[in-house]
Structure formats: C-alpha cells, structure tokens
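A quick write-up on the structure given underneath.
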Amino acid sequence: MRSARVRLSGAILALLLAPTGLRAEPAPSDSSAAPVTAPTPIAQPAEWETLSTGLPEEYRANPIVNLRYNRVDGPALTLGLDVRNEVAPLPLLRAQGTYAYSRERLLAEFGADVPIGRHRRVTLGGSAYRRTASEDAWIVGETENTIFAFLSRKDYRDYYEAEGFEGHLSVEPGRDAGFSAGGHLEDHRRLDVTTRVAVWGVDDLFRENPDIDEGEEGLVWGAVRVGPAKIPAKGGSRVEVRYERAGAPIERDFDYGRIRVQGNIRHRLAPGQGFRARAIAASTRSGALPAQKVWDLGGIGTLRGEPFKSQSGDQFYLVNAEYSYLFRKNLHALAFVDWGTAFYGKDDWKESRPSLDGGIGIRIAEGPAMVTLARNLQKSDAPFLVGVRLGGSWE
-8 MRSARVRLSG AILALLLAPT GLRAEPAPSD SSAAPVTAPT PIAQPAEWET
42 LSTGLPEEYR ANPIVNLRYN RVDGPALTLG LDVRNEVAPL PLLRAQGTYA
92 YSRERLLAEF GADVPIGRHR RVTLGGSAYR RTASEDAWIV GETENTIFAF
142 LSRKDYRDYY EAEGFEGHLS VEPGRDAGFS AGGHLEDHRR LDVTTRVAVW
192 GVDDLFRENP DIDEGEEGLV WGAVRVGPAK IPAKGGSRVE VRYERAGAPI
242 ERDFDYGRIR VQGNIRHRLA PGQGFRARAI AASTRSGALP AQKVWDLGGI
292 GTLRGEPFKS QSGDQFYLVN AEYSYLFRKN LHALAFVDWG TAFYGKDDWK
342 ESRPSLDGGI GIRIAEGPAM VTLARNLQKS DAPFLVGVRL GGSWE
C-alpha cells in the first residue's frame, strides 16, 4: 500500500509540472533517502573582465612626491608615479616631472627597470631625462643638502644640467656580490645661481656654481661589488670597483677613462663600542676630465679638518677611520682620523702630500646625525673646525 501511494504522488507531481516545461525527478523508492541536489556552479569571470579591476594584485602604482632646495633650482617640487612589484626591489615603470622655481625649463624623467628570470637576479633598465646633475652625491645626500641650503644658505653640491638617455644591466647572484654595466648619451649645460632665500646664513648670498665644460658626453661604465649593498649594524665589509670610459666606443665631445675603488668595513669591538673605516682611491687613467667631473676634497664628508673643497684634482685618495663609544642611551662619543689628498697627474702619487686631520664628536644613535670638532694635525696653528651632519653615511 505504501509503495502505491508513493507512485501516485510522483504521477501527480509530474502532471502539475508538465505545463511549465520543468522535469520532475522520479521519487526514490525509499522515502528515508535524502534527495540528491546538483551543486550550483560558481561563475568564473573571463580574463578580459579582470582588466576593469586594474593591475594584478602583485603590482602597485605609487605616487612620487619630492621637494628639494638648492642654489640653482630654488624650491623644486617633483610629482610622478611608479609601478612596483611586491618582490622586485626597483620600480618597473616610473614617470615624474619637476617644476624648479629658478629654472627656465621643466625637468622630467621616464624610465623602467625590468627583472629577468624566475629569481629576478638580473635587471635590465633605462631612462630618458632632463635633470639637475651633481658629482657630489657621495659627499652629501640630497635631503641633507636641502636642509642646509634652506636653513643656513650652505649648498655643498656643485651642479650642471644633464639631458639625454641611459641604459643599464645589473646582476645580483647573491647578497654578497653584484655586477652592473651601462652607458649614457647626454648634453651638459652650465647652470647659474639665482636663488637668494634662506632662513639664516653667515653669507648674504649663495656661492657661485663653478663653470663646466659644456658638450655632449657618450660614456660606458662597469662596476663590481663584493660584499652586501648595505653593511649591517653588526658589522661586515664591502669593496666596490667602478670604471668609466667617455669617448670610444661612443665618441662625442669628451675623452677620458677613470677608475674608482672603495672599501668599507664596520666592526663591533664590544657592547657599546664600534669601529668603522672607509678607503677610496680614484685615478684618471687616460684623457682629460671635464671640469664638472673633477674630484674635490675638504670639509664635510671628506677631510673634516680642511676648508670646504680646498683640494681638487683628477686623482685622489682618502681614508676615514672612526671609533665610537656609547656613553649614554642613544649618544655615541667619537674619535676619528681623516687622511688623503686630491691632485692632478696620474704619475704624481709619490709626490702628493696628503693632509692628516683628527677630531672628536658626538653621534646620535646609529644614524648619521652628528657634531664634530676637527683640525689639521700637521700644523700647530691650524684652527678647529666645527662640522654638523644631518644625513649621509659611509655605508
């Protein structure tokens, strides 16, 4: 009797659904069994539909905002965008423009750095630009120089305008090694000083920007690094060698070849005590350096007991050594020695007369902010020179 009622119920249900075009599933012979329901399919968007959501998740577009101040640009505001990958250390694409109040032309740069390979150890890049260039970045960083220029009318960099394009290739097989090569083709133009404003300063005007040798430079270069790109606080060492050749194979207005070798070491002697040193030697091996490429020593970041940029040449060597002692929380007492000179003539190393400076200072924490007192140790009547650092580092 029970099975007859089940069959009758199924027939009635089929009759009711027939006009709608729906199809009834036959009732199970055993009413205790649960009905089987097909899962609802999940809709997958087509690939083209994902374009409306922007870049893939691992890429991000980031704003570029920078403000600098110096004696040739005045206040200069940079705005732009770069596209970065969460894994790659460099932006894949970047575009920026700079309005410099004291310049007649806008500055701009468009570039790319594309990682190659699964492990992203090879990067190929290039850029086209019109920029304010300086050979003094190794002495004073841009942010630190901006603070000094605006607050005290002290601009420690020299400048020229560079317009052109460049390409480069870098290989990072590991943390302790790096190889890179590249080249550029750019026009060099002189820049005049028109900036006047500063919060405070001993001098009424900024110093003049030196003359340069104007022209077009075609240059190729190669560099090798052994050691980490940045030495950790616990200690380590690094050696870098860079060679530049202007002229053949890209023959333009300048012809020279020069090499620069730099070694850095940092060592923790004991809790609260540290030692660090830097040695640099550079030589122009062929041709003649244009005026804007000459090396300068003296004062901030180099020979701290000498007047600012008191020595110049197409050759130089420099050694800085420093001992630090933590005498109070976040305050280090310093004792340091600087030794070196700059001169002309690659065959005059033995005849060069290096300066020997020494001094003491105080540094805040592990950062670069410090105050120093230094003098030339070879002259009994040499004055003591006070130095202030707000940024920059040997490492």
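First residue of the sequence shown? That's -8 in the numbering used here, and the numbers climb one at a time after it. Each residue gets a CB set at the ideal place from its N, CA and C atoms; glycine is no exception.
- Within the same chain, and ignoring the five residues on either side of Gly213 in sequence, the residues whose Cβ sits closer than 6 Å to its Cβ are Ala172 and Tyr234.
- Contact holds between the stretch 178 to 197 and the stretch 139 to 155, because three or more Cβ pairs, one in each stretch, are under 8 Å apart.
- Contact check for Val215 and Val232: beta-carbon distance about 5 Å, within the 8 Å limit, so the pair qualifies.
- In this structure, Ala224 places its C-beta atom within 9 Å of the C-beta atom of Arg257.
- By the criterion of a C-beta distance shorter than 7 Å, Gly278 is surrounded in its chain by Gly238, Asp246, Tyr247 and Gly248, once the five residues flanking it on both sides are discounted.
- Rounded to whole angstroms, the Cβ separation of Ala86 and Leu98 is 13 Å, and the two are not in contact under 8 Å.
- Put simply, the backbone Cα of Arg122 is about 18 Å away from that of Gly116.
- Secondary structure note for Asn136: its alpha helix (DSSP H) is the uninterrupted segment Glu133 to Ser143.
- In the displayed model, Gln306 falls within a strand according to three-state DSSP.
- Rounded to whole angstroms, the separation of the alpha carbons of Ile138 and Val190 is 10 Å.
- Looking from the CA of Thr293, the closest CA among Asp372, Val74 and Asp329 belongs to Asp329.
- When only Cα atoms are considered, Asp372 and Glu313 end up about 24 Å apart.
- DSSP places Gln283 within a helical segment (H, G or I) once states are collapsed to three.
- Judged by DSSP in its simplified three-state form, Phe101 adopts strand.
- When beta bridges are read from the DSSP output, Glu231 appears opposite Arg216 and Gln253.
- For His159, the beta-bridge partners assigned by DSSP are Gly116 and Gly173.
- Counting only the Cα atoms, Gln302 lies some 15 Å from Glu342.
- If you compare the alpha carbons of Glu242, Ile271, Thr134 and Arg75 with that of Arg51, the shortest gap goes to Arg75.
- Under DSSP, Val377 forms a beta bridge with Leu364.
- With a beta-carbon spacing of about 4 Å, Ala365 and Arg295 fall inside the 8 Å limit used to define contacts.
- A distance of 9 Å or more separates the beta carbons of Ala220 and Val252.
- Here Thr89 really is in contact with Ala67; their C-beta atoms are around 5 Å apart, less than 8 Å.
- Contact annotation: Arg380 and Glu135 have beta-carbon atoms nearer than 9 Å.
- For the pair Val285 and Leu58, the Cα-to-Cα distance works out to about 28 Å.
- Take the alpha-carbon of Thr185 and the one of Ala360: they are about 30 Å apart.
- In this model, Leu309 and Asp287 are separated by some 11 Å (Cα to Cα).
- If you ignore the 5 residues before and after Leu260, its C-beta comes within less than 7 Å of the C-beta of Phe266, all in its own chain and listed in chain order.
- Under a 10 Å Cβ-count criterion, Glu163 is classified as buried, with 16 or more other Cβ atoms of the shown protein chains found around its own Cβ.
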